[in-house]
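Here the protein sequences come in this chain order: A and B. For our numbering, count along the first sequence from 1 and bump the result up by 2. For our numbering, count along the second sequence from 1 and bump the result up by 116. This report refers to the structure that appears directly beneath it.
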Amino acid sequence: MPPTRQPNDPQFDDLRRLLAMKRAERPPQETMDGFLVAFHKRLADEQAADAARRANSFWLRLRERLGIAPAVPGDEAFPALRRLLSLKSYERPSPAYLDNFLMRLNRRLLAEQMRPTAFWTRLFQSLTERPFAFAQVGVAFALTFVLTIQFYNHWPRSQVAATVQPTAPTIVAAASERPVQVIYDDARANDRREETTDSAVMLLPAFESQPRVHFVMDRVDITPKVYAASFNY
Amino acid sequence: MDLPAQPVSALSDDAALVERARANDPAAFDELVERYKQRIYGTIYHMTSNHEDSNDLAQETFIRAYKNLDRFKGDSSFYTWIYRIAVNTTINFLNGHRRRSKNHLSLDDVDARIQENPDFIERTRGEGPDGEVAANELMEHLNVALQKLSPDHRLVVTLYDIQGLSHAEIAKITNSSEGTVRSRLYYARLQLQQLLKRYLPEKN
Chain A
3 MPPTRQPNDP QFDDLRRLLA MKRAERPPQE TMDGFLVAFH KRLADEQAAD AARRANSFWL
63 RLRERLGIAP AVPGDEAFPA LRRLLSLKSY ERPSPAYLDN FLMRLNRRLL AEQMRPTAFW
123 TRLFQSLTER PFAFAQVGVA FALTFVLTIQ FYNHWPRSQV AATVQPTAPT IVAAASERPV
183 QVIYDDARAN DRREETTDSA VMLLPAFESQ PRVHFVMDRV DITPKVYAAS FNY
Chain B
117 MDLPAQPVSA LSDDAALVER ARANDPAAFD ELVERYKQRI YGTIYHMTSN HEDSNDLAQE
177 TFIRAYKNLD RFKGDSSFYT WIYRIAVNTT INFLNGHRRR SKNHLSLDDV DARIQENPDF
237 IERTRGEGPD GEVAANELME HLNVALQKLS PDHRLVVTLY DIQGLSHAEI AKITNSSEGT
297 VRSRLYYARL QLQQLLKRYL PEKN
């Protein structure tokens, strides 16, 4: 069993004396004076933030959108707040501002009428004024896109392949010592064999730091559907 | 910037003015502008808390209305229609503006009559003798608190508690249900109650 140390163990005396000096440390008076005010302000902010989180919660907004908003207390729950907010109606623009409003509006209206508006700008403006129409156009675009992709994917491949004609391959390559042999595997051109003195030489730029490797294509098999190439290193 | 309910005669006047404006009578549209400029500016200002932005957006609202007069079918009142344009223009601006930079708050003039309002006197008691300073400070606090709400919540508070519109009118303007308006109003007030605690009695 390990020996237990007593709190007043003399070996900690120095440390205790040192820590006791911390007791003399006091926060500035102004901090303490304003503590309660700051506390209430922060508490109010936190509570307002909580209320904001509840007010903006996804489910509540969804229910509001769907028109099934929860039943809530009415005006009677906030009499003092309502009276306070009504004081805002005393805030008004200066009379001079309202006197000149019509003149400034007519000037701006004239300037707007002189300026030609692009079709896209008008379309966007008109759609943003009607969010529902905007959503409908968006859904229509998305549906068209999906249908196009689906139609393309389900288009019979044989019909596409049927349009492919077996033609001689075009080989663009630098001259090489090794000849390229082109073999047509197509049944209709099976007996055609050609040899060319040109070669297909491919340089792989990814190996810049290494010695360059030359790949010499020596065989190209062609069928109406599949093109396959093999390489000799 | 109070918004009293529209009398029937005013609504029918609006319809006549819209017809005349459509027939290229500029004076008719000017009359509509004169009629609604203060309320439209007020709504936008309470949403943005910035005089320059409100100025621009109020003008933009009327320009859009003028350009789209042909599309106004008369299903709703002109008053609802122009409000809807103002609200959409402002919310689009706020959504874009929030990404670009922080709002710079500015103060409009505060009507001196606020100093006779019992609610103002009660809430600014003990804040010194200068009523104008107290009024400006109160407005600044209200603006800062409103700016902390999301645009949707700020809008319903502005239209209901400040401008005095009904739930039904706000629902029409915002293209939503009355239940949605009530819900947004409730949650907006919950936030404001915390943000404006200083000006509210303890029991509230």
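Don't be surprised by glycine CBs; every beta carbon is placed ideally from N, CA and C.
Check, Outcome
"Cutoff 8 Å: residue 267(B) Cβ touching any chain A Cβ", "no"
"Members of the segment 135-152 of chain B that neighbour chain A once the beta carbon cut-off is set at 7 Å", "146, 149 and 150"
"DSSP three-state assignment for residue 74(A), whether helix, strand or coil", "coil"
"Given residue 128(A) as reference, the closest of 143(B), 312(B), 170(B) and 187(B) once Cα atoms are compared", "187(B)"
"Partners in chain B for residue 58(A), counting only beta-carbon separations shorter than 7 Å", "266"
"Contact list for the segment 108-129 of chain A against chain B, Cβ threshold 7 Å", "110, 111 and 114"
"C-alpha gap between residue 89(A) and residue 62(A), whole angstroms", "30 Å"
"Listed by chain order, chain A residues near residue 313(B) by CB distance under 8 Å", "42 and 46"
"C-alpha gap between residue 146(A) and residue 265(B), whole angstroms", "39 Å"
"Cβ distance (whole Å) where residue 263(B) is taken to contact residue 159(B) below 8 Å", "So it is not a contact: roughly 15 Å between Cβ atoms."
"Within 8 Å, strictly: CB atoms of residue 196(B) and residue 288(B)", "yes"
"Paired residues, beta bridge with residue 94(A) - DSSP", "225(B)"
"Counted within 10 angstroms of its Cβ, other Cβ atoms place residue 11(A) as buried (16 or more) or exposed", "exposed"
"Cutoff 8 Å: residue 69(A) Cβ touching any chain B Cβ", "yes"
"Nearest-angstrom beta carbon gap, residue 131(B) and residue 190(B) [assumed within contact, 8 Å]", "6 Å"
"Per-residue contacts from residue 224(B) into chain A (C-beta, under 9 Å)", "93, 94, 95, 96 and 99"
"Short CB-CB distance (under 8 Å) between residue 20(A) and chain B", "no"
"Inter-residue Cα distance where the pair is residue 150(B) and residue 270(B)", "26 Å"
"Chain A residues whose Cβ lies nearer than 8 Å to that of residue 282(B)", "Correct list: empty, because the minimum Cβ distance to chain A is about 11 Å."
"Chain-order list of residues whose beta-carbon lies under 8 Å from that of residue 272(B) (same chain, five-residue window excluded)", "286, 290, 297, 300, 301 and 304"
"Exposure of residue 259(B), with buried meaning 16 or more beta-carbon neighbours within 10 Å", "buried"
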